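Numbering (my numbering), first residue to last: 1 to 135.
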């Protein structure tokens, strides 16, 4: 069984997390992305603009899974608009990824701030099945 503290630790300690979304054809798509923890909550952002497929799938589903080896972490995903929360997320991105200034700048841009999602781990439903596409 998945434990909330252990799930949060995954987002905190893992430099690049693997988000799992479902393609329109019903295949799992695993995408490497950045994630941070700020004030005890996990967050992700889209730094690739409005055509970003993984982000669109997460927004439509209000959910995603994260792959930590064989372990899956199902999570809800909700937009964050509060300026103070967004500032805390900015600070968390700077602290975790400050050694990568060029990609970090994308994650701190106004568009990326507007594409910030609160990730709340949920209890696992069942083991994953089907084919997986890695991007």
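Don't be surprised by glycine CBs; every beta carbon is placed ideally from N, CA and C. The model shown is predicted, which means the values in this text are computed figures rather than measured ones.
Classify residue 84: buried if its beta carbon has 16 or more other beta carbons within 10 angstroms, exposed otherwise. Working through the chain shown from its first residue, we reach residue 84 at position 84. Classification for residue 84: exposed.
Limits of the beta strand (DSSP E) - the one that residue 79 falls within: Along the chain shown, read from residue 1 onward, the residue named residue 79 stands at position 79. 71 to 79 is the span of the beta strand (DSSP E), which, as asked, contains residue 79.
With contact counted as at least three CB pairs below 8 Å, one residue from each stretch, are the stretch 48 to 65 and the stretch 91 to 98 in contact? No: the two stretches stay apart, fewer than three of their Cβ pairs being nearer than 8 Å.
I'd like the list of long-range same chain contacts for residue 104, defined as Cβ closer than 6 Å, with 5 residues on each side in sequence excluded. For the purposes of this step, residue 104 is taken as the residue at position 104 of the chain shown. Here the set comprises 97.
Are the CB atoms of residue 116 and residue 86 within a distance shorter than 8 Å? Looking up residue 86 in the chain shown gives position 86. Looking up residue 116 in the chain shown gives position 116. In this structure, residue 86 sits near residue 116, with a CB-CB distance shorter than 8 Å.
Taking residue 107 and residue 54 to be in contact with their CB atoms under 8 Å, please state how far apart those CB atoms are, rounded to whole angstroms. Indexing the chain shown from 1 puts residue 107 at position 107. Indexing the chain shown from 1 puts residue 54 at position 54. About 15 Å separates the beta carbon of residue 107 from that of residue 54, a gap too long to meet the 8 Å contact definition.
Alpha carbon to alpha carbon, what distance is there between residue 112 and residue 41? To locate residue 41, count along the chain shown from 1; it is residue 41. To locate residue 112, count along the chain shown from 1; it is residue 112. Inter-residue distance for residue 41 and residue 112 is about 18 Å (C-alpha atoms, whole angstroms).
Kindly indicate which three-state DSSP category residue 42 falls into: helix, strand or coil? For this step, residue 42 is matched to residue 42 along the chain shown. Reduced to three states, the DSSP call for residue 42 is strand.
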